[in-house]
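64 is the number that numbering that gives the first Met the number 0 gives to position 65 of the sequence shown; each next residue is one higher, with no gaps.
Glycine included, C-beta positions come from ideal geometry on N, C-alpha and C.
As the structure is a computational prediction, the values presented were derived from the model and not from experiment.
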Amino acid sequence: MWPQLDPSDTHSGELSDSLFAALNRRDVSAVLSLLAEDVSYENLGSSTQLRGRSDVGRFYLEALAALPAEAVFVLEGAEGGGSAGGTDVGGGVLQAGVAWHLELGGVAAPLSRGVGVYWAHPSSGRLRRIVDAPEHTVKQAAPALSHWVPPLLRGLGPLVLPAARGVTRRGRFMRGLFCGGATAGPPGVL
0 MWPQLDPSDT HSGELSDSLF AALNRRDVSA VLSLLAEDVS YENLGSSTQL RGRSDVGRFY
60 LEALAALPAE AVFVLEGAEG GGSAGGTDVG GGVLQAGVAW HLELGGVAAP LSRGVGVYWA
120 HPSSGRLRRI VDAPEHTVKQ AAPALSHWVP PLLRGLGPLV LPAARGVTRR GRFMRGLFCG
180 GATAGPPGVL
């Protein structure tokens with residue numbers, strides 16, 4: 000059913016490059032042809048763990064459906080190519096690392112970077128393990144900035160604390176705000 004790949008001619012880097020090319024074409028059949036039957040996929044950003052070609056293929060299908068049509072994955076690094084390999088066993092690179100980002104209309108989309116590691120199955124030449132780490136949408140403060148945050152909070156605390164206490168007494172009002180406004184009333188009404 001799936002095209003036979005010659006493992007001696009297949010490198011994980013080439014497979015990962017082919018995977019991203021298929022994703023950019025929105026060609027899920029081509030994506031499936033690159034995956035081993037028992038492929039495992041792990042997304043470190045969402046803690047998603049999938050096993051098997053059909054589950055991983057369904058994930059890619061749903062992910063592609065959520066992207067705008069003009070969105071494309073762009074591979075970074077490795078001298079103009081996308082991937083850099085490691086672990087050379089018997090002529091084939093069995094592991095590749097890829098840095099990528101998403102572009103919309105030729106412009107890099109904010110918070111769209113990621114890295115992935117791809118392993119090829121030594122006998123089938125197909126991808127047997129994929130670990131993706133997309134960029135988080137929430138960023139931690141840089142350590143250089145954290146030295147001024149406590150004094151700022153201490154200085155603003157006396158100004159903000161009375162208002163914060165008043166808001167917590169208005170639980171019904173706040174619940175209404177966060178639950179679609181069904182129980183919301185004016186701030187001064189309990």
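Nearest-angstrom Cα separation, counted from residue j out to residue i
{"i": "residue 27", "j": "residue 65", "result": "14 angstroms"}
{"i": "residue 112", "j": "residue 42", "result": "13 angstroms"}
{"i": "residue 20", "j": "residue 50", "result": "22 angstroms"}
{"i": "residue 123", "j": "residue 71", "result": "28 angstroms"}
{"i": "residue 103", "j": "residue 69", "result": "6 angstroms"}
{"i": "residue 97", "j": "residue 40", "result": "15 angstroms"}
{"i": "residue 126", "j": "residue 109", "result": "29 angstroms"}
{"i": "residue 59", "j": "residue 25", "result": "9 angstroms"}
{"i": "residue 73", "j": "residue 46", "result": "23 angstroms"}
{"i": "residue 14", "j": "residue 54", "result": "19 angstroms"}
{"i": "residue 75", "j": "residue 107", "result": "12 angstroms"}
{"i": "residue 18", "j": "residue 33", "result": "7 angstroms"}
{"i": "residue 48", "j": "residue 137", "result": "21 angstroms"}
{"i": "residue 128", "j": "residue 118", "result": "5 angstroms"}
{"i": "residue 133", "j": "residue 61", "result": "16 angstroms"}
Where residue i sits in the DSSP three-state scheme
{"i": "residue 68", "result": "coil"}
{"i": "residue 39", "result": "strand"}
{"i": "residue 26", "result": "coil"}
{"i": "residue 56", "result": "helix"}
For residue j and residue i, believed in contact at Cβ under 8 angstroms, the rounded distance
{"i": "residue 115", "j": "residue 131", "result": "4 angstroms"}
{"i": "residue 52", "j": "residue 22", "result": "Residue 52 to residue 22, Cβ: 15 angstroms. No contact."}
{"i": "residue 100", "j": "residue 44", "result": "No, residue 100 and residue 44 are not in contact; Cβ-Cβ is about 14 angstroms, not under 8 angstroms."}
Exposure label - residue i; buried when at least 16 CB within 10 Å
{"i": "residue 57", "result": "exposed"}
{"i": "residue 36", "result": "exposed"}
{"i": "residue 224", "result": "Not covered by the structure: residue 224. The range shown for the chain is 0 to 189."}
{"i": "residue 16", "result": "buried"}
{"i": "residue 38", "result": "buried"}
{"i": "residue 94", "result": "buried"}
Those residues which DSSP pairs with residue i across a bridge
{"i": "residue 133", "result": "113"}
{"i": "residue 102", "result": "71 and 107"}
{"i": "residue 49", "result": "40"}
{"i": "residue 126", "result": "34 and 119"}
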